[in-house]
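For what it's worth, my numbering labels the leading residue of the sequence shown as 412, then goes sequentially. Heads up, the beta-carbon is just placed ideally off N, CA and C, and yes, glycines get one too. A quick write-up on the structure given underneath.
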Amino acid sequence: MLVENTQTQMRKGILEYCILCVIAKGEIYASDIIAELKKAQLLVVEGTLYPLLTRLKNNGLLSYNWVESTSGPPRKYYVLSDDGRKVLEQLDKTWQELAFAVQTSIEGRK
412 MLVENTQTQM
422 RKGILEYCIL
432 CVIAKGEIYA
442 SDIIAELKKA
452 QLLVVEGTLY
462 PLLTRLKNNG
472 LLSYNWVEST
482 SGPPRKYYVL
492 SDDGRKVLEQ
502 LDKTWQELAF
512 AVQTSIEGRK
């Protein structure tokens, strides 16, 4: 159905931005990224997250550190790179512009 496709595309369009926002809060494990997105009602599965994290890393926007775990194998914790912080600042501005455009467009609608 058209509305479902549009909703999916809208979510995909902001997912990368939301992931960068979550990682910007500090070093974070992938399952914690998923939990943060879930709290924001943006449901993401590992099969979606890991390819995005790999692409962001390959683009130089984040890096990761291996941290030993007391309950299993070492864990990969993600952090934003300096370039990632710069890109996020630009995306913050773009988000503000888009949010204003959407809000302005829907004002007064019945």
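Among the bridge pairs identified by DSSP, L473 is matched with L491. Approximately 12 Å separates the beta-carbon atoms of V498 and I434; this is outside 8 Å, ruling out the contact. Spatial neighbours of L467 in its own chain (CB-CB distance under 6 Å, excluding positions within 5 residues in sequence) are listed in chain order as L473. Taking a cut-off of 8 Å for Cβ pairs, the segment 474–485 and the segment 501–517 do not touch, as fewer than three such pairs fall below it.
Within 10 angstroms of the beta-carbon of L464 lie 16 or more other beta-carbons, which makes it buried. Taking G471 as the centre and dropping the five residues before and after it, the same chain places the C-beta of S492 and D494 closer than 7 Å to its C-beta, in chain order.
DSSP places R520 in the coil class of the three-state scheme, outside both helix and strand. Each of N469, I445, K450 and Q452 was checked against the Cα of G458, and the nearest Cα belongs to I445. About 11 Å separates the beta carbon of L460 from that of C429, a gap too long to meet the 8 Å contact definition.
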